[in-house]
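Enquirer:
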Amino acid sequence: MTNSRNSPDDDPRNPTDDDPRNSPDENPTVHSLDPAVLGTDDDPLALGSRSPVGTYALVFDAPAATIDVGALGEHRVSAGAYVYVGSAFGTGGLRRVLRHRRVAAGDHDARHWHVDYLGGHPAVGLARVVCVTDRDVECAVATELASSLGSTPIEGFGSSDCSCDAHLARGDSVETATPLVEAAFRSKM
415 MTNSRNSPDD DPRNPTDDDP RNSPDENPTV HSLDPAVLGT DDDPLALGSR SPVGTYALVF
475 DAPAATIDVG ALGEHRVSAG AYVYVGSAFG TGGLRRVLRH RRVAAGDHDA RHWHVDYLGG
535 HPAVGLARVV CVTDRDVECA VATELASSLG STPIEGFGSS DCSCDAHLAR GDSVETATPL
595 VEAAFRSKM
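Basically our numbering = 1-based index in the sequence shown + 414.
Next comes the structure, spelled out in structure tokens:
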């Protein structure tokens, strides 16, 4: 007689096929989007309606500045591209990215997450959003970007709920960082 309690299928730590992080899509699309298209009729993710879940990266263009990052304190950042990696598997899904865009545009003042302090700085602009639906690759992409971009500018940024050093990496420019972000997502699929 087999003990069903020892079956991996019965272990609550093993996600089921119904778990959105185990999508049947064998070839997920990595979306690289202009933030201005999000929430519009041209938004391929339809973030204004029922949003899919997934992992995203926000690519910011920043000048040299001092940024207060809440509990992490004030940090001097050099000019360049700053890439934050997050995930959205809650009920709102990737609609969370719309909130980040509103913070970056100055239309939403609440600061809940580390990325709100960076994106909400008046001199910092949100230049690109890269994401994939139905995949939880947040830590893997953040680790890959720390390696490929070669810099973790603020220790602990965005990684308070995992063991990663940070979920923020810095590149020289948006133009050089964005292809590396897209490649990091593709390499983790």
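By construction, the Cβ of each residue, glycine as well, lies at the ideal position given by its N, Cα and C atoms.
All values reported here derive from a predicted model rather than from experimental measurement.
By Cβ distance, which residues of its chain are closer than 6 Å to His528, with the 5 residues on each side in sequence left out?
Expert: Taken in chain order, the residues that qualify are Val483, Phe571 and Gly572.
Enquirer: Compute the distance between the beta-carbons of Pro595 and Leu559, then report whether it is under 8 Å.
Expert: Position check: residue 595 holds Val in this sequence, whereas Pro was assumed. The answer is yes: Cβ separation under 8 Å.
Enquirer: Looking only at C-alpha atoms, which of Leu472, Gly453, Pro466 and Glu589 sits nearest to Ala518?
Expert: It is Leu472.
Enquirer: Tell me the rounded alpha-carbon separation between Asp575 and Val451.
Expert: Going by the C-alpha atoms only, they are around 30 Å apart.
Enquirer: Would you mind stating whether Thr566 and Asp586 have Cβ atoms separated by less than 8 Å?
Expert: Their beta carbons are not under 8 Å apart, which means Thr566 does not touch Asp586 by this criterion.
Enquirer: When we look at the beta-carbon of Ala598 and count the other beta-carbons within 10 Å, is it buried (16 or more) or exposed?
Expert: Per the 10 Å Cβ criterion, buried.
Enquirer: Using 8 Å for Cβ pairs, my map puts Leu447 next to Tyr496. What's the rounded Cβ distance?
Expert: So it is not a contact: roughly 17 Å between Cβ atoms.
Enquirer: Round the Cβ separation of Ala476 and Val551 to the nearest angstrom and send it over; I've been treating them as touching at under 8 Å.
Expert: No, Ala476 and Val551 are not in contact; Cβ-Cβ is about 24 Å, not under 8 Å.
Enquirer: Are Leu508 and Pro442 close, meaning C-beta to C-beta below 8 Å?
Expert: Their beta carbons are not under 8 Å apart, which means Leu508 does not touch Pro442 by this criterion.
Enquirer: Rounded to the nearest angstrom, how far is the Cβ of Ala524 from that of Gly468, given a contact under 8 Å?
Expert: Not really, about 23 Å apart at Cβ, beyond 8 Å.
Enquirer: Give me the Cα-Cα distance between Tyr470 and Arg490, rounded to the nearest whole angstrom.
Expert: Near 25 Å, if we compare the C-alpha coordinates of Arg490 and Tyr470.
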